[in-house]
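Each remark here refers to the structure printed beneath this line.
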Ligand code: ADP
Ligand code: MG
């Protein structure tokens, strides 16, 4: 961990530029899900409590470098005030004389929100001049937007090199969870990778087979591996052209000492539909007109065994077509098993990914996981073993 936290900084009386992710969904001017805003509240509160003055830097949507009123951050002020329980002022630009005056006038206990950084086209180019304009507003830079850390932008990368920099509470929690899951994990480590396609997760699989002891492959992508093993998959979702790539992954995993666990039995239907008529068959017996939509109970028993023998679990991708009942069965049961082991103190469990978070929430297991990342792309790139520019900039700060 080469980065600092808020605890390492002297915040008293200082203007602290905080990069946050408040890219919340809005319908007709109303915030429909304020999760992202609630998650940055601890950072804002801790800065205020230490006598610092938080100045929030954020993007909102994709204005493409143009000032677009429907993408103004101004509309989030009431929601922010409720979440922080304090006054939130607004500056109509994230650089310039007006923003500087607002930052100077900020009183202890108040928060300043700056306008959408992406109203400047150079933000996404990591322009150092734009970053310098932002840096003039504060004395300390705090990045609390892990979900934007896989992009080198002026407000995530260049600026971190211009001011004393640290991670906010959310970024800190995310990095600590991810580091304990993959960088310095307690072994054995098991990864679950599921979802639709092998092609979108090749780098992920390649990185994981080098790092984990067991790799459970599920969902549509498991079908491609069954094809690679010469098994029939009927009309299942499978990327037949990825067959050789899948075979290579199996061979590399073997060489690396990583055990791959594929479904040994399958739930097979004729249609991609909720409550479609289906049967449980051995994994080598998918009929020509059959569609594999989930893993079966034997597969699940093996997954449970592996979870029990593991100390760390990292999970991305559902084990079946979880949106369609009852093909959420394997995902739900495995999630509940992981949750129970975590509650019992036997397992560190970390999960992330858009559909994964939805599936784990639906299973009722999410609350018991050690950490659920909502960072999407940044989580995946981190799991792929890539350096995240926003984190790297904090490390060299
Ligand atoms: P994440 O968003 O968590 O990274 P993915 O987008 O890779 O996950 O995968 C989720 C999708 O995979 C879901 O829409 C799910 O229906 C689909 N899926 C999983 N198993 C199957 C299957 N056997 N057949 C068809 N689709 C599947
Ligand atoms: Mg998805």
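Residue numbers (the numbering used here): 874 to 1270. All C-beta atoms in this analysis are idealised placements derived from N, C-alpha and C, irrespective of residue type, glycine included.
Check                                                                                                                                                                        : Outcome
Against chain D, does residue 1083 count as a neighbour if the rule is that its beta carbon must be under 8 angstroms from one of theirs?                                    : Absent from the structure: chain D. Only one protein chain is present.
Find the nearest neighbour of residue 851 within the set 1235, 1182 and 1228, judged by alpha-carbon distance.                                                               : What is shown of the chain runs 874 to 1270, which leaves residue 851 out entirely.
What would DSSP say about residue 1225, mapped onto helix, strand or coil?                                                                                                   : strand
So if I measure from each beta-carbon to every heavy atom of ligand 2 and keep distances below 7 angstroms, which residues remain?                                           : 1068, 1226, 1227 and 1228
Leaving out five residues before and five after residue 1011 in sequence, what residues of the same chain have Cβ atoms less than 8 angstroms from its Cβ?                   : 887, 888, 889, 890, 928, 976 and 1036
Alpha carbon to alpha carbon, how far is residue 973 from residue 1004? Give it in angstroms, no decimals.                                                                   : 14 angstroms
So, is residue 1100 buried or exposed, given that buried needs 16 or more other C-beta atoms within 10 angstroms?                                                            : buried
Could you pull out every residue in the same chain whose Cβ sits closer than 6 angstroms to the Cβ of residue 1095, ignoring the five residues on either side in sequence?   : 1135 and 1136
List the whole-angstrom C-beta distance separating residue 980 from residue 1184, where the pair is believed to meet the contact cut-off of C-beta under 8 angstroms.        : Not quite, the Cβ-Cβ distance comes to about 49 angstroms (not below 8 angstroms), so this is no contact.
Can you determine whether any heavy atom of ligand 1 sits closer than 7 angstroms to the C-beta of residue 1248, and answer yes or no?                                       : no
Between the alpha carbons of residue 1022 and residue 1173, how many angstroms are there, rounded?                                                                           : 35 angstroms
Check whether the segment 896-916 touches the segment 1056-1073, counting contact only when three or more Cβ pairs, one atom from each stretch, lie closer than 8 angstroms. : no
Pairs of beta-carbons, one from the segment 1149-1163 and one from the segment 1203-1215, closer than 8 angstroms: are there three or more?                                  : no
What do you get for residue 1074, buried or exposed, if any count of 16 or more other CB atoms within 10 angstroms of its CB means buried?                                   : buried
Quick test of your reading: residue 988 and residue 966, contact by CB under 8 angstroms. State the CB separation rounded to the nearest angstrom.                           : 5 angstroms
From 971, 1029 and 1166, pick the residue whose C-alpha is nearest to that of residue 1317; which is it?                                                                     : Examination of residue 1317 is not possible in this model, given that the chain is present from 874 through 1270 alone.
Examine ligand 3 and report whether any of its heavy atoms sits within less than 7 angstroms of the Cβ of residue 1193.                                                      : Among the ligands present in this structure, namely ligand 1 and ligand 2, ligand 3 is not found.
Using the C-alpha atoms, what's the distance from residue 1147 back to residue 1196?                                                                                         : 8 angstroms
Nearest to residue 1020 by alpha carbon, out of 1130, 1255, 1268 and 956?                                                                                                    : 1255
Taking the continuous alpha helix (DSSP H) assigned at residue 1205, which residues delimit it?                                                                              : 1202-1216
Enumerated in chain order, which unbroken segments of the alpha helix (DSSP H) with a length of 4 residues or greater are wholly contained in the segment 877-932?           : 908-922
For residue 1194 and residue 1167, which I take to be in contact (beta-carbon distance under 8 angstroms), what is that distance rounded to the nearest angstrom?            : 7 angstroms
Straight-line CA distance for residue 1252 to residue 1261?                                                                                                                  : 10 angstroms
Exposed or buried, what is residue 905 when buried is set at 16 or more other beta-carbons lying within 10 Å of its beta-carbon?                                             : exposed
Keeping to the same chain, check which residues put their C-beta closer than 7 angstroms to that of residue 1076; ignore five residues upstream and five downstream.         : 1257
Look at the alpha carbon of residue 1149 and the alpha carbon of residue 1098, and state the distance between them as a whole number of angstroms.                           : 24 angstroms
Quick check: does the Cβ of residue 1093 come within less than 7 angstroms of any heavy atom belonging to ligand 1?                                                          : yes
What is the rounded straight-line gap between the Cα of residue 1139 and the Cα of residue 1154?                                                                             : 5 angstroms
Quickly, what does DSSP pair residue 1152 with across the bridge? List them, please.                                                                                         : 1141
Whole-angstrom Cβ separation of residue 1088 and residue 1133, contact assumed at under 8 angstroms?                                                                         : 5 angstroms
Identify the residues that DSSP records as bridge partners of residue 1177: which are they?                                                                                  : According to DSSP, residue 1177 bridges with nothing at all.
Specify the secondary structure class of residue 1114 as computed by DSSP and reduced to three states.                                                                       : helix
Could you tell me whether the Cβ atoms of residue 1111 and residue 1130 are closer together than 8 angstroms?                                                                : no
In this structure, does DSSP put residue 1028 in helix, strand or coil?                                                                                                      : coil
What residue range is occupied by the uninterrupted beta strand (DSSP E) comprising residue 1166?                                                                            : 1164-1168
Tell me whether residue 964 sits in a helix, a strand or coil according to DSSP, three-state version.                                                                        : strand
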